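S.K.:
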Amino acid sequence: MIIKIFILIFWLVILLILLFFLLYMAFATISAAPFVPTTKKQIIKMLSMIDKPKTSTVLELGSGDGRIVLSLARQGFQTIGIEINPLLCLWSKILIKKNKLKNAKIINANFWDYDLKDIDILTMYFIPHRMNKLAKKIKKEMKPGSLIVSNAFKLGDWPIHKQGDGVYVYVV
Ligand SMILES: C[S@@+](CC[C@H](N)C(=O)[O-])C[C@H]1O[C@@H](n2cnc3c(N)ncnc32)[C@H](O)[C@@H]1O
1 MIIKIFILIF WLVILLILLF FLLYMAFATI SAAPFVPTTK KQIIKMLSMI
51 DKPKTSTVLE LGSGDGRIVL SLARQGFQTI GIEINPLLCL WSKILIKKNK
101 LKNAKIINAN FWDYDLKDID ILTMYFIPHR MNKLAKKIKK EMKPGSLIVS
151 NAFKLGDWPI HKQGDGVYVY VV
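Just so we're aligned: 35 in full-length UniProt numbering is position 35 of the sequence shown, and the numbers increase by one with no gaps anywhere.
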């Protein structure tokens, strides 16, 4: 009997976690983009297109499971991931701790409320219908000379600094 109750509680907890995750997926989709991870090949391409000193501060917009944050931090960049979904944040924090990366951190927040003024490089995998809104935010907040690295989607009608394999780089 006790074992049956434990099994029931176990599945209830799993169901609750799943529901919580799906709720945040829906919220993220309305706010910007759902969780779709960048492939390893695209991450390598994105990193290869960053020509800024390793002392730069990089912000990953919507950091998902933290895969890009981890890759950037391993390269030596001061890296911040901002993610709306608390479960993805928790998972990324575990990975950062496990990999002992002191130069990486994750913030559980809505990036529309985050001021980009101290960010040197912005990386992202976003969604086309929010790119114009994002371009306005970047123009208003980021310093001239800052770099934007976007996987898959173009940043409004901004002039492209360089591109390759579906990665677009812009200079503010
Ligand atoms: C397309 S996924 C990309 C995930 C990760 N950057 C990658 O490339 O693997 C977009 C991410 O943005 C997050 N997101 C959506 N809206 C957000 C918001 N307003 N603030 C912070 N994160 C958000 C989603 O939860 C999702 O994890």
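Cβ atoms here follow ideal geometry from the backbone N, Cα and C, with glycine treated the same way.
The structure displayed is predicted, hence computed values, not measured ones.
1) According to DSSP, which residues form a beta bridge with residue 124?
2) Would you give the residue range spanned by the beta strand (DSSP E) that residue 107 belongs to?
3) Can you tell which of 92, 142, 33, 128 has its C-alpha closest to the C-alpha of residue 73?
4) Just to check my reading of the structure: residue 122 and residue 61 have Cβ atoms closer than 8 Å, yes? What is that Cβ distance to the nearest angstrom?
5) Figure out for me which residue from 101, 107, 117 has the closest Cα to the Cα of residue 71.
6) Can you pull every residue whose C-beta falls closer than 6 Å to some heavy atom of ligand 1, listed in chain order?
7) So, residue 49 versus residue 164, is the Cβ gap smaller than 9 Å?
8) Within 10 angstroms of the Cβ of residue 80, are there 16 or more other Cβ atoms? Answer buried if so, exposed if not.
9) Residue 46 and residue 38: beta carbons closer than 9 Å?
10) For the beta strand (DSSP E) that contains residue 80, what are its first and last residues?
11) Cβ atoms of residue 35 and residue 222: under 9 Å apart, would you say?
12) Below 7 Å CB to CB, which residues in the same chain sit around residue 114 once its five sequence neighbours on both sides are set aside?
13) Between which residues of its own chain and residue 21 is the CB-CB distance below 6 Å, once the five residues before and five after are set aside?
14) Which class does residue 169 belong to by DSSP, given the choice of helix, strand or coil?
15) Determine the direct distance from the alpha carbon of residue 59 to that of residue 76, and round the result to whole angstroms.
16) Could you round the C-beta distance between residue 106 and residue 69 to whole angstroms and report it? I think they count as a contact, below 8 Å.
17) Is residue 117 helix, strand or coil when you go by DSSP?
18) Would you grab the beta carbon distance between residue 156 and residue 124 for me? Rounded to a whole angstrom, and I think it's under 8 Å.
M.R.: Taking the structure as given:
1) 61, 150
2) 104-108
3) 92
4) 6 Å
5) 101
6) 28, 31, 32, 33, 35, 36, 37, 38, 60, 62, 63, 64, 67, 68, 82, 83, 84, 85, 88, 110, 111, 112, 125
7) yes
8) buried
9) yes
10) 78-83
11) It is not possible to answer for residue 222, since the shown part of the chain is limited to 1 through 172.
12) 82
13) 87
14) strand
15) 13 Å
16) 7 Å
17) coil
18) Not really, about 13 Å apart at Cβ, beyond 8 Å.
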